[in-house]
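In UniProt numbering, the protein residues as written are 1 to 412.
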């Protein structure tokens, strides 16, 4: 069946829309180029002209100029975020700029984009367990705007071991001091070579967050701290050639950083680096987040603290004990076809962000003996320590463990 030819009126309307979009695209990109290249005259014209003309010969980027010749991959990612703020009704991925590297072609591509869905509610907890009934508790992390309260902990729910952190709404559990056995000496088929030998670690009591940091809470952190472009790439942005860019969960909107449309704000923050996790932990505890590149002062849990928090003082296989893992106990991708021979997930890059096999941080899965959530499955979590392959195999490592853990240290 042949398509009906558009009427002159419809063609004129479409052309008007395209020209309006091109004006916005040109203004955003040329303003960013002028700022980055310190081109004050060009920036002045862009900011002050009453009628913006994309064909102005004095602009850094004309409609048919190749954007890729003026912008590196980091700049293009930030350009895409800025365009997303200008066009909140569509989702603009950095790949769109690479595939349409002129203002003219990029504008047409934006016109052709489908309108995005609204962000899912917190109740939209998972796409990972279609056959499992999920149980959630109240989501307390702060995701809105507004000033940050000074850091303090107050008892929560009348229990001596549960606390509420004022800065971000996170609930924390005070774990008791223990002589905890860390590592694994069993011949479990799923164990890795670097999990042994097991050793006893003396731990002082410490606070541990009850769940991972959510997307909404991390977006709030970025909005309140306003990190630079380089710091953003240290934290949670990827170079444009990285195939995982499609899964960056946050975008710049009209009101700053926000969770991408169609994604629940209570999902755990993903694709965050150690720097990004450390910066958030420092900020949430009222410290200077700009010291994120060092572990000399950090509120991330150490490896020993995390393992003790996950399974308690006993050497159990899972947080819930030694029973086999089932879909109602933890959230993982149960589709074996997505893993390679080493157990690494390989196929999810092609999965849309909103369909990733994740559950909200407040879902009762991977629950440890202390009531901590997400201590198995869902997402990997960062620890304070630096990883060394054979650390526990050498005498120096054993001595360092004994010295280190006899000192009192109160973590997150």
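Virtual Cβ for every residue (Gly too), placed ideally from N, Cα, C. This one's a predicted model, so the numbers in the text were calculated from it and none came from an experiment.
Asked	Found
Length-filtered (4 minimum) alpha helix (DSSP H) runs lying within the region 286 to 314	303 to 311
Limits of the beta strand (DSSP E) - the one that residue 209 falls within	206 to 209
Those residues which DSSP pairs with residue 250 across a bridge	259
Spatial distance of residue 150 from residue 114 (CA atoms)	42 angstroms
DSSP beta-bridge partners of residue 202	179
Check whether residue 34 and residue 60 have beta carbons under 7 angstroms apart	yes
Proximity below 7 angstroms, CB of residue 148 to CB of residue 218	no
Residue burial classification, residue 380 (beta-carbon count within 10 angstroms, cutoff 16)	exposed
Residue 377 (DSSP reduced to helix, strand or coil)	strand
Residue 96 to residue 255 span [Cα, whole Å]	23 angstroms
Nearest-angstrom Cα separation, counted from residue 374 out to residue 182	19 angstroms
Which of helix, strand or coil DSSP assigns to residue 362	coil
Residue(s) in a DSSP beta bridge with residue 318	321
C-alpha gap between residue 32 and residue 259, whole angstroms	23 angstroms
Simplified DSSP assignment, three categories, for residue 159	strand
Best match in 156, 27 and 72 for proximity to residue 56 [C-alpha to C-alpha]	27
Spatially closest choice to residue 222 from 289, 325, 267 and 210, by CA coordinates	289
Integer-rounded CB distance, given that residue 266 should sit under 8 angstroms from residue 87	With 8 angstroms as the limit, residue 87 and residue 266 do not qualify as a contact, their Cβ atoms being about 26 angstroms apart.
Residues bridged to residue 268 [DSSP beta-bridge criterion]	214
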